[in-house]
Amino acid sequence: MPIDVLSRTVLSLPHHFAELRKNIEPPRERREAAATIPDEVRTFLEDQEDYATLSPHSRLTGSYARSTAIHSIKDVDFVVLIDPVDDDDIEPEDALDDLYAALQTMPEAIGRAGLVQMLRRQRRSIHVYFEDEDFHLDIVPAKMPDGIDESLWVPDREWSKWIESDPLGYNKALSTLNADSGEKAVPLIKLFKHWRTVQMQRRRPKSYWLEALVYRHLDRGWVATAGKSYAELFTDLLRSVRDRFQAAYDEDRVPRIPDPMLGHNVAESWELPAFRSFMSRLNDSIGWAERALAKDRDEIDEAIELWQKVFGDEYFTNSSDARRLQFAEWAGSSSLFVTGAGRVLTKKPTDQPTVASRPHNFYGDAK
Amino acid sequence: MKSLGLQVAEMAKRFPDLRFERSMMSWYGNLQPDDDATLYRIKITYCPPNPPKVWVRRPSLHPEVKHRYSDGTLCLYDPREGEWDHSMLVSQTIVPWTAEWLLYYEAWLIDPEKRWFGPEAPHGRRKLSRR
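From first to last, the protein sequence lines are chains F and P.
Under this note's numbering, the first residue of the first sequence carries the number 7, and numbering increases by one thereafter.
Under this note's numbering, the first residue of the second sequence carries the number -6, and numbering increases by one thereafter.
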């Protein structure tokens, strides 16, 4: 049976999913902080005469840059493109230390003296915490030997070496995949990240691992997006991930999650109990989602309750607006019956008289 | 053509809340398209040989809603396709179509994409959809 015929037989609740997608978006004040603070710091670094950078000087990376952030945006990442003028062989530790030193005057220079509480050297970045905004920045110094369109090299303090990384390439690749998927790849990543947050209190897989999974399953065509509602698409994604991980699960090992650009395993630190817990949550949610999709229109309450188990009832809301939109959409393609009080029904009731509405078309665009 | 007496009697049987005022050749009453919807006060005027006209008297409709004529009456059917004629009962056509119009209007009001979910036939073109 063709997919479009199948899709008409499932209860996909597009208006409830539209509300869910809205409910997991970052709030306006967090989006404003994410738009403002990194720009202030990037401009500060670009203006530092004794800290040399190469044009375009810095670039946003991470989930904020890719529009895959959900809930409260707590942090933003960016790379600063260093120009080791006299020292092409600069040690990774020195690159991190130089950036750390360059940032010392930043709080006062951008008018946030006393508000920046933490300035910390991390393994691959300098971490800055803006206490007044409860906002974190991770700044990664990066070498750009072959231009902005090729891989960058970032320092790893622990391994004491430069590591190939392509965050900007991934930004572009995801943007292309999103366009090719009918703008569904990014929303699907957000739904998957939100699902993880709701379902897993401990030992959560990292957001980037989930992004890499969605990217891989869409890019390889294991999950098709054309003509599918988010309800079907999300269920397909969970099934696809479960099926591809099943062999590892059966063999008591942890699967690889390849980096979308460079292919290395981004989930090296995933431990077996955490992976098994993830698979268990996947199976639970697949069961709920499949039952919800199989419900009839007059079982909408049961379907909503099942989706609330998957996404949380705080986010998958049973709002009167969503129900009204859903009913109007169903009414537009159904035979209708109208009661004496003017109630419009899609099923003929047995307990009161109704008039069966004759076929017609509302006429005219203008009032 | 159905007699006015039959139209009035059938309306009273099907939609008892719609009262006919002979001096105005009009029915007045309320329709509520679903349990949580607004209660709409409507007026249906029927002066043959003119077709029936429907106004929503209260509450005021959104000025930008489509499927209304310039006099504010509702566009309920496609006259080019003969979807309504005087052989039909107002109670079995115009009133249920008005209830439907109100249902789709309430959805249109809250829809971020401002969609009209009912079947519609734009001016100047053939019908796009039909149940």
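For glycine and all other residues, C-beta sits at the position ideal for the given N, C-alpha and C.
Predicted model, so just to flag it, every value in this text is computed and none were measured.
Backbone secondary structure at residue i - three-state DSSP
i       : result
M7(F)   : For M7(F), the predicted structure reports a pLDDT of 35, less than 50, and the residue's modelled location is therefore unreliable. The matter cannot be settled from this model.
L105(F) : helix
V1(P)   : helix
S291(F) : helix
Y255(F) : helix
P359(F) : coil
P173(F) : helix
G338(F) : coil
P444(F) : Not covered by the structure: residue 444(F). The range shown for chain F is 7 to 373.
Y98(P)  : helix
I43(F)  : helix
Q332(F) : helix
D100(F) : helix
H223(F) : helix
Y214(F) : helix
S53(P)  : coil
F8(P)   : coil
S286(F) : helix
V160(F) : strand
T241(F) : helix
S64(F)  : strand
N271(F) : strand
Residue environment, residue i, which counts as buried when at least 16 other CB atoms sit within 10 Å
i       : result
H270(F) : exposed
G227(F) : exposed
G68(F)  : buried
D27(P)  : buried
K199(F) : buried
T241(F) : buried
K149(F) : buried
T182(F) : exposed
I154(F) : exposed
Min CB distance residue i to chain F below 9 Å
i        : result
D78(P)   : no
P44(P)   : no
L95(P)   : yes
M(-6)(P) : no
R7(P)    : yes
Y21(P)   : no
G111(P)  : yes
T91(P)   : yes
M81(P)   : yes
E99(P)   : yes
Q0(P)    : no
E74(P)   : yes
T31(P)   : no
L24(P)   : yes
Rounded Cβ spacing between residue i and residue j (contact assumed at less than 8 Å)
i       : j       : result
C68(P)  : Y176(F) : The Cβ separation is near 51 Å, so there is no contact.
V260(F) : A254(F) : 6 Å
V82(F)  : A119(F) : V82(F) to A119(F), Cβ: 21 Å. No contact.
L268(F) : Y236(F) : 30 Å between Cβ atoms; not a contact.
K36(P)  : R50(P)  : 5 Å
T59(F)  : E52(F)  : 6 Å
CB contact below 9 Å: residue i versus chain P
i       : result
P33(F)  : no
L17(F)  : no
E366(F) : Here residue 366(F) is His; the residue named in the question, Glu, does not match the sequence. Yes, contact with chain P.
Y369(F) : yes
R349(F) : yes
A24(F)  : yes
V82(F)  : no
G346(F) : yes
A359(F) : As written in the sequence, residue 359(F) is Pro, which differs from the Ala given in the question. Yes, P359(F) counts as interfacial toward chain P.
A362(F) : yes
L158(F) : no
L342(F) : yes
A372(F) : Low per-residue confidence applies at A372(F): pLDDT is 48, beneath 50, and the placement is therefore not dependable enough to give any value.
Contact list for the stretch 176 to 193 of chain F against chain P, Cβ threshold 8 Å:
none
Residues in the stretch 321 to 340 of chain F having any Cβ partner in chain P nearer than 8 Å:
S326, D327, R330, L331, F333, A334, E335, A337, G338, S339, S340
Pull out every residue of the stretch 254 to 265 of chain F whose Cβ sits closer than 8 Å to any Cβ of chain P, in chain order.
none
Short of 9 Å Cβ to Cβ, which residues in the stretch 36 to 63 of chain P face chain F?
L54, P56, E57, V58, K59, H60, R61, Y62, S63
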